[in-house]
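Protein chains: 2
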Amino acid sequence: MATSHTQSTAGVRDLYGGRRVSAARRTIADAAALIRGAFTVEQLHDAVQLSEPGIGIATVYRAVAAMSATGSVAPVGYRAGSALYALCPGGTHHHHLVCTGCGSVVGIACPVDRSLEDAARKTGYTVTGHEVTLYGLCRSCAGECD
Amino acid sequence: MATSHTQSTAGVRDLYGGRRVSAARRTIADAAALIRGAFTVEQLHDAVQLSEPGIGIATVYRAVAAMSATGSVAPVGYRAGSALYALCPGGTHHHHLVCTGCGSVVGIACPVDRSLEDAARKTGYTVTGHEVTLYGLCRSCAGECD
DNA sequence: GTGTTAGTGATAATCGTTCTCACTAAGGAC
DNA sequence: GTCCTTAGTGAGAACGATTATCACTAACAC
Chain A
-3 MATSHTQSTA GVRDLYGGRR VSAARRTIAD AAALIRGAFT VEQLHDAVQL SEPGIGIATV
57 YRAVAAMSAT GSVAPVGYRA GSALYALCPG GTHHHHLVCT GCGSVVGIAC PVDRSLEDAA
117 RKTGYTVTGH EVTLYGLCRS CAGECD
Chain B
-3 MATSHTQSTA GVRDLYGGRR VSAARRTIAD AAALIRGAFT VEQLHDAVQL SEPGIGIATV
57 YRAVAAMSAT GSVAPVGYRA GSALYALCPG GTHHHHLVCT GCGSVVGIAC PVDRSLEDAA
117 RKTGYTVTGH EVTLYGLCRS CAGECD
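Those protein sequence lines, which keep their order, are chains A and B.
For the first sequence, the working numbering assigns the number -3 to the initial residue and increments by one for each residue that follows.
For the second sequence, the working numbering assigns the number -3 to the initial residue and increments by one for each residue that follows.
Below you can see the structure in the form of structure tokens.
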């Protein structure tokens, strides 16, 4: 399992915007896919260590930056001073709903698109971008807390 | 100007949740009010230095944390690795539209409240909180860029 | 197979933020 | 107005996340 690649080289290459795909980047992409939720760079590094103990934290930072630049990974907030990221399969405009219990993430349709015109009209500002992150509890975490 | 207090002691005390109001905290609250836009802690510290050169960065961090705890200041994003804050007069639920040109900030009504039920229904998650920040250009900055 | 150069690992450097500690002063009690 | 308690302060060390550097390696176009 440690050496199985869950994604094709071409698929991994897409994640990195068509740049070179090294073994380290393949491992990092696989680890990110296995986490299935929001992760910090340190968490991802830990996960990567399980299959490739030699990969350094700087390499993980660089890989996350590369994937973030292509939109295949997106920052979804902060946890204890560290940036939180989540894998974003597909390139359509969406946001994230992060479970504060287990860290799982689901993509959601943009909830503010229809409000932007309102905001623009009322404030006189030209809206060029936005960040939206919802926090909540997934079904299993909500069940535990009841 | 450097020693004029733009806010009453009682007003400043509200900002800090009824806690002790020192000269430093009054200066910091005044500086934040004068900035009239989003600021980093370092920017606020610089502004504070103009009227009270002796105030340390740690004191500014503590004052911002105290005001943030009472809701009178809110984090509105990140700029170059530093947290961005903005003054929030009034305690009602709202979000911010930040001008990426000059850093000015306007409060806007929450654009996602009516979408939360949708998200909850579709994902099965219980939504407990959200962060929304809009970015754009104010009238004068939009004019300059045309 | 070769050459170019992007990517790597290790680690130092940087920078934002928090912590520590001795000292000061705000503000309540009298 | 004075005293006392303790929150707040300033300086700087410590911490932690992130980035930069550099010599080396290997992906990939040819």
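No residue lacks a Cβ here, since even glycine has one placed at the ideal position from N, Cα and C.
All figures in this text were calculated on a predicted structure; none of them were measured in a lab.
Which listed residue (the options) has its alpha carbon closest to that of residue i
i	options	result
Cys95 (chain B)	B:Ala105, B:Leu130, B:Ala43 and B:Ser64	B:Leu130
Ala76 (chain A)	A:His89, A:Gln39, A:Val8 and A:Arg15	A:Gln39
Ala20 (chain A)	A:Ser136, A:Ala62 and A:Gly86	A:Ala62
Arg15 (chain B)	B:Ile53, B:Thr66 and B:Pro49	B:Thr66
Cys137 (chain A)	B:Gly132, B:His126, B:Tyr121 and B:Val128	B:Tyr121
Leu93 (chain A)	B:Gly99, B:Arg117, B:Ala70 and B:Val101	B:Arg117
Ser100 (chain B)	B:Leu30, B:Tyr12, B:Asp10 and B:Ser4	B:Leu30
Leu85 (chain B)	B:Gly73, B:Val69 and B:Cys98	The question names Leu, but residue 85 (chain B) in the sequence shown is Pro. Of the listed residues, the one whose Cα sits closest to Pro85 (chain B) is B:Val69.
Ala34 (chain A)	A:Val102, A:Arg110 and A:Glu113	A:Val102
Ile24 (chain B)	B:Pro107, B:His89, B:Val128 and B:Glu48	B:Glu48
Gly11 (chain B)	B:Tyr74, B:Leu46, B:Ile51 and B:Ala82	Residue identity check: residue 11 (chain B) is Leu in the sequence provided, not Gly. Of the listed residues, the one whose Cα sits closest to Leu11 (chain B) is B:Ala82.
Ser98 (chain A)	A:Arg22, A:Ser4, A:Val8 and A:Arg32	This sequence places Cys at residue 98 (chain A); Ser is not what is there. Measuring from the Cα of Cys98 (chain A), the nearest candidate turns out to be A:Arg32.
Whole-Å CB distance - residue i paired with residue j, under 8 Å assumed
i	j	result
Leu80 (chain B)	Thr36 (chain B)	6 Å
Ala43 (chain B)	Ala27 (chain B)	4 Å
Val108 (chain B)	His90 (chain B)	Not quite, the Cβ-Cβ distance comes to about 12 Å (not below 8 Å), so this is no contact.
Counterpart residues of residue i in DSSP-defined beta bridges
i	result
Ser64 (chain B)	Ser64 (chain B) is not bridged to any residue.
Arg135 (chain B)	Arg135 (chain B) pairs with nothing; no bridge assigned.
Pro49 (chain A)	Paired residue(s): none; Pro49 (chain A) is not in a bridge.
Val94 (chain A)	A:Val101 and A:Tyr131
Val69 (chain A)	A:Leu83
His126 (chain A)	B:Leu130
DSSP state of residue i mapped onto helix, strand, coil
i	result
Ala82 (chain B)	strand
Gly104 (chain B)	With the sequence shown as reference, residue 104 (chain B) is identified as Ile, and Gly is not the correct amino acid for it. Residue state, collapsed to three classes: strand.
Tyr12 (chain A)	coil
Thr88 (chain B)	coil
Tyr74 (chain A)	strand
Thr(-1) (chain B)	With a pLDDT of only 38 at Thr(-1) (chain B), under the threshold of 50, the placement of this residue in the model should not be trusted; the figure read from the coordinates follows. It is coil, neither helix nor strand.
Any residues in the region 117 to 142 of chain A with a beta carbon nearer than 8 Å to a beta carbon of chain B? Which ones, in chain order?
Contact residues of the region 117 to 142 of chain A toward chain B are Lys118, Thr119, Gly120, Tyr121, Thr122, Val123, Thr124, Gly125, His126, Glu127, Val128, Thr129, Leu130, Tyr131, Gly132, Leu133, Cys134, Arg135 and Ala138 (C-beta to C-beta distance below 8 Å).
task = Identify each residue in the region 75 to 100 of chain B for which the Cβ-Cβ distance to at least one residue of chain A is less than 8 Å, and report them in chain order.
result = For the region 75 to 100 of chain B, which is checked against every Cβ of chain A, the residues closer than 8 Å are Leu93, Cys95 and Thr96.
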